[in-house]
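Report on one structure; see the data block that follows.
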Amino acid sequence: MSKPANHLFTSTQTVKEVNKWSPLIRLLHWGTVLLMAITWTFLLLHRQVGEPSGNFNYIAIHKAIGTLTFGWMLVHAVSYLFAKKPSYAQLHMPNWQILVAKLVHVVLLLLLLAMPLAGILMTMYGGRPISMFGLFNMPVFVTPDPATAKFWYGLHTGIFWTAILTTLAIHVGAVIYHMVIKKDNVLKRMG
Ligand code: HEM
Ligand code: HEM
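Going by the working numbering, the residue at position 120 of the sequence shown is 112; the numbering climbs one at a time, nothing skipped.
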């Protein structure tokens, strides 16, 4: 019997489809990585290079992209909740590793909601509106209070950031372990 014309592989190859996350989750995942990288780069410029004179301001871009990240993460977290999760059967992982992987995903989603929220709240309680790329301002929607601003600042620059770095190290470390030691298809699930 002839093969369908659009068959991509010859009959001599044994092809096993990789279980993938949905296109929406893949878009949200790599979009999150990109947003994080941009947010962090502008913080680094603010800290290491120093603010240029004039209207352009690195920390303002950090705040604006960070605020966008909050909206992005809301969509990401809700989509994750309803997403069809690909089975782990192909990766031959012990149950405890599957559990840790899922836990790390949920914790990352929660932390990346908490981080920009803390940034927004510390700015608002500091009595400063957030300029969205100079296009419009997000007005102060709380009664400014220096002590509360300090509380959120502490979380933003302290606990939350440390927790994100730790959880990410586990997440990316696990991916590297799968690629280098187990030599499996873990990255293709998200590719
Ligand atoms: C996912 C989003 C965000 C990430 C990953 C992030 C990350 C960070 C980090 C790592 C720091 C510096 C911590 C330190 O070493 O002291 C920081 C500082 C800061 N962030 Fe964010 N941030 C985000 C969103 C926001 C948002 C939404 C705002 C405000 C609207 C904001 C405002 C600030 C400010 C004002 C600082 C202090 C800068 C300084 O001390 O000079 N961030 N952020
Ligand atoms: C800001 C950084 C990152 C965050 C917040 C993050 C978060 C997540 C989350 C929440 C998931 C579950 C699916 C989803 O909802 O997207 C996931 C899966 C995955 N991530 Fe990341 N990730 C980050 C960086 C990376 C990087 C740098 C890599 C590659 C080295 C990577 C590789 C993967 C892979 C392969 C999966 C699928 C794992 C599985 O099916 O169990 N991630 N990630």
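Heads up, the beta-carbon is just placed ideally off N, CA and C, and yes, glycines get one too.
**Message:** DSSP three-state label for S123, please.
**Reply:** strand
**Prompt:** So, are the CB atoms of H68 and T140 less than 8 Å apart?
**Reply:** no
**Asked** Which residues does DSSP pair with F128 in a beta bridge?
**Response** M124
**Asked** Does ligand 2 have even one heavy atom less than 7 Å from the beta-carbon of M28?
**Response** yes
**Message:** Between Y80, F62, L157 and A75, which has its C-alpha nearest K180's C-alpha?
**Reply:** Y80
**Item:** Coil, strand or helix - Y117 by DSSP
**Value:** helix
**Request:** State yes or no: is the C-beta of P78 nearer than 7 Å to some heavy atom of ligand 2?
**Result:** yes
**Asked** Do you know whose CA, among M182, M116 and D176, lies nearest T59's CA?
**Response** M116
**Message:** Considering Cα atoms alone, identify which of S45, V164, V98 and H84 is closest to F74.
**Reply:** V98
**Item:** Whether G119 touches P136 by CB criterion (8 Å)
**Value:** yes
**Message:** For W186 and L26, what's the separation of their Cα atoms in angstroms?
**Reply:** One cannot answer for residue 186 here, as it falls past the ends of the chain, which runs -7 to 183.
**Request:** State buried or exposed for Y169, treating a residue as buried only when at least 16 other CB atoms are found within 10 Å of its CB.
**Result:** exposed
**DSSP three-state assignment for K174, whether helix, strand or coil** = helix
**Asked** If you compare alpha carbons, which of I17, M85 and A106 is closest to S71?
**Response** I17
**Request:** Measure the beta-carbon distance from K12 to P78 and round it to whole angstroms, keeping in mind my assumption that it falls under 8 Å.
**Result:** 6 Å
**Message:** Along the chain, where does the alpha helix (DSSP H) containing F133 start, and where does it finish?
**Reply:** Premise fails: F133 is in no alpha helix (DSSP H) and is neither H nor E.
**Asked** Are the stretch 82 to 100 and the stretch 40 to 49 touching by the rule of at least three beta carbon pairs closer than 8 Å?
**Response** no
**Asked** Are the beta-carbon atoms belonging to L103 and A161 less than 8 Å from one another?
**Response** no
**Message:** Please classify F152 as buried or exposed, where buried requires at least 16 neighbouring CB atoms within 10 angstroms.
**Reply:** buried
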